[in-house]
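Chemist: Numbering (this note's numbering), first residue to last: -3 to 423.
Cβ atoms here follow ideal geometry from the backbone N, Cα and C, with glycine treated the same way.
Take this structure first; my questions come after.
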Amino acid sequence: MAATQKKKSLDETIAAIATPTGSGGIAVIRISGPKAPEILDKIFIPSKSESKPSPYLLRFGRIVSHNGSESLDEVMAALMPGPKSFTGEDMVEIYCHAGQFLAKAILDNILTHNCRPAEPGEFSLRRFLNHGVDLTKLEGSAEVVAAKTDLAYRLTKEHLLGSYSEHLAVLREKMVHLLAEVEADIDFPEEESIGSIGREKLGRALDGIIEDIERLISSYSAGKIIRDGYRVVILGPPNAGKSSLFNCLVKQNRALVTPIAGTTRDWLSEWIDINGLPVELYDTAGLAEGRGRVEKEGIAATRRLIGRADLLLVVHDLAARTAPSSAATIPTGRDIIYVFNKIDLVSKPDTALGKKRAKLPPGAAVCAVSALTGKGMSALTDLIAAVSGLADLSDTLVVTSHRHKTKLDRARRHLLSIRRKKSLPPE
Ligand SMILES: Nc1nc2c(ncn2[C@@H]2O[C@H](COP(=O)(O)OP(=O)(O)OP(=O)(O)O)[C@@H](O)[C@H]2O)c(=O)[nH]1
Ligand SMILES: [Mg+2]
-3 MAATQKKKSL DETIAAIATP TGSGGIAVIR ISGPKAPEIL DKIFIPSKSE SKPSPYLLRF
57 GRIVSHNGSE SLDEVMAALM PGPKSFTGED MVEIYCHAGQ FLAKAILDNI LTHNCRPAEP
117 GEFSLRRFLN HGVDLTKLEG SAEVVAAKTD LAYRLTKEHL LGSYSEHLAV LREKMVHLLA
177 EVEADIDFPE EESIGSIGRE KLGRALDGII EDIERLISSY SAGKIIRDGY RVVILGPPNA
237 GKSSLFNCLV KQNRALVTPI AGTTRDWLSE WIDINGLPVE LYDTAGLAEG RGRVEKEGIA
297 ATRRLIGRAD LLLVVHDLAA RTAPSSAATI PTGRDIIYVF NKIDLVSKPD TALGKKRAKL
357 PPGAAVCAVS ALTGKGMSAL TDLIAAVSGL ADLSDTLVVT SHRHKTKLDR ARRHLLSIRR
417 KKSLPPE
């Protein structure tokens, strides 16, 4: 039943806009399936009679409406017959002007010709089914597209280029080899030349594989940061300079800054790149109790952000006499950097910082900056990168997909259950 459904859907011709929505230079519309060449014939009028679409060559011409009465746009079009196409089927690509309305109008026109809108990911699915491409490579191409920084690009590129699937193939090969040796031992117990892997050697080989899988699993926390970004939430008492710090880090006057306490009421966020780390930075109203309804809503919103944060930047005024909020008043279970701001106002910053540090939990990550002059900011960004753990990765293989992590967890569980069998020597 499932096979017939798959067959039926592969027989259908699909179309979609392949580029993001919005205005721009060029939008690309893709058509894939048996009717693609015929649809191109009906909607595309080449600019000269001799330049009828021929395989793998771009042609300039016009797109005409369903009944041929109206020209919709001047475009370039390419016909790519299967199997030498992205999906492995007959494909057409149309490069039109990227107006808000135009690409959609051309797509609607295409959809009147015995063709349906593609489901999300359906072009890639067809590629996978028709070409049998490596699924991790296909997923890797989506990750490379989504990469927000140079480091994220370099790490996800390894998936696209196949290093990750090659690594998994080697692991699999090792396991198949072990299995063959064990089976040979069972089938020919008295033949010394065949199999006879020995329990100790088997135990050691399994340990090596488990270790490798555990290393990949532990890279997932970094992989998640690469995929989803590192959420950094700025907290602290009113007027400490939270919004000033936010502006300094995002390098623009994005948040409102005034000497009036309670200026920020709602949160705002921006993406920034800290030494290759993709950071989603949030400015907030902090957690200082306000009496009004708006303040209470602001605090509730901050609490929700804290719940999803990877790191809290707790900002205090170094010049203020009040003691810094310690971990006791700040939600636990999150990494914290205490940022002492306004060092430009303090004559002996080291002494002042020492006094503040003494009131914090031992080993707390501390930094002194001036959001006004920019002093200490590069030490702060280095500290953020170090706390994230991403700084040390550079060329390691990183698991970025939850699907891969789940499969690796399962493989590890099975291998450990074999390892724990009484007949094998202890780990
Ligand atoms: N001298 C000096 N002033 C600063 C510094 N950072 C912020 N300020 C000033 O401190 C005041 C408060 O700054 P904000 O950035 O609005 O502080 P905030 O923590 O966002 O304040 P709320 O949103 O009201 O909680 C403003 O007048 C800033 O110009 C700094 O490093 N040095
Ligand atoms: Mg503010």
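I'd like the list of long-range same chain contacts for S322, defined as Cβ closer than 7 Å, with 5 residues on each side in sequence excluded.
Modeler: Low per-residue confidence applies at S322: pLDDT is 47, beneath 50, and the placement is therefore not dependable, though the value from the model is reported in the following sentence. Here the set comprises K355, L356 and P357.
Chemist: Is the segment 336 to 347 touching the segment 368 to 380, taking contact as three or more C-beta pairs under 8 Å?
Modeler: Yes, since at least three Cβ pairs between the segment 336 to 347 and the segment 368 to 380 fall closer than 8 Å, the two stretches touch.
Chemist: Just to check my reading of the structure: Y334 and A361 have Cβ atoms closer than 8 Å, yes? What is that Cβ distance to the nearest angstrom?
Modeler: Confirmed, about 7 Å.
Chemist: Does at least one heavy atom of ligand 1 sit under 8 Å from the Cβ of N110?
Modeler: No.
Chemist: Output yes or no for whether 9 Å exceeds the beta carbon distance between L309 and L264.
Modeler: No, the Cβ-Cβ distance between L309 and L264 is not below 9 Å.
Chemist: So does K344 have its beta carbon nearer than 8 Å to some heavy atom of ligand 2?
Modeler: No; taking the cut-off as 8 Å, the Cβ of K344 has no heavy atom of ligand 2 nearer than that.
Chemist: Can you tell which of A201, E293, A305 and A114 has its C-alpha closest to the C-alpha of G225?
Modeler: It is A305 whose Cα lies nearest to the Cα of G225.
Chemist: Return the Cβ separation of I59 and I90 in integer angstroms, given the expectation that the two are a contact with Cβ distance under 8 Å.
Modeler: Yes, I59 and I90 are in contact; Cβ-Cβ is about 7 Å, under 8 Å.
Chemist: In angstroms, rounded to a whole number, what distance separates the CA positions of A180 and L174?
Modeler: When rounded, the distance between both Cα atoms is 10 Å.
Chemist: Are V88 and I35 touching if we call contact CB-CB under 9 Å?
Modeler: Going by C-beta atoms, V88 is nearer than 9 Å to I35.
Chemist: Let's test the definition: count the other Cβ atoms within 10 Å of the Cβ of Q1 and tell me whether it reaches 16, buried, or not, exposed.
Modeler: Low per-residue confidence applies at Q1: pLDDT is 48, beneath 50, and the placement is therefore not dependable, though the value from the model is reported in the following sentence. So Q1 ends up on the exposed side.
Chemist: Excluding the five sequence neighbours on either side, which residues of its own chain have a C-beta within less than 8 Å of the C-beta of A297, listed in chain order?
Modeler: Closer than 8 Å at Cβ, skipping near neighbours: D262, W263, T280 and A281.
Chemist: My guess is that V246 and L277 are in contact by the Cβ rule of under 8 Å, so how many angstroms apart are they, rounded?
Modeler: Yes, they are in contact, since the Cβ atoms of V246 and L277 sit about 6 Å apart, within 8 Å.
Chemist: On a Cα-Cα basis, can you pick out the residue from A74, L167 and G29 that is closest to L202?
Modeler: The residue with the shortest Cα to Cα distance from L202 is L167.
Chemist: Less than 9 Å separating the beta-carbons of L103 and A74?
Modeler: No, the pair does not count as a contact, with Cβ atoms beyond the cut-off.
Chemist: Take the Cβ of T132 as the centre, count every other Cβ of all protein chains shown within 10 Å, and call the residue buried at 16 or more, exposed below.
Modeler: Looking at its Cβ environment, which holds 16 or more other Cβ atoms inside 10 Å, T132 is buried.
Chemist: For I256, which three-state DSSP category applies?
Modeler: Coil at I256, not helix or strand.
Chemist: Grab the span of the alpha helix (DSSP H) containing Y431 for me, first residue to last.
Modeler: Residue 431 lies beyond the stretch modelled for the chain, which goes from -3 to 423, so this question has no answer here.
Chemist: Taking just the CA atoms, how far does V178 sit from V140?
Modeler: Roughly 41 Å between the two C-alpha positions.
Chemist: For the candidate residues T318, T347, L314 and A348, whose alpha-carbon lies nearest to that of N337?
Modeler: It is L314 whose Cα lies nearest to the Cα of N337.
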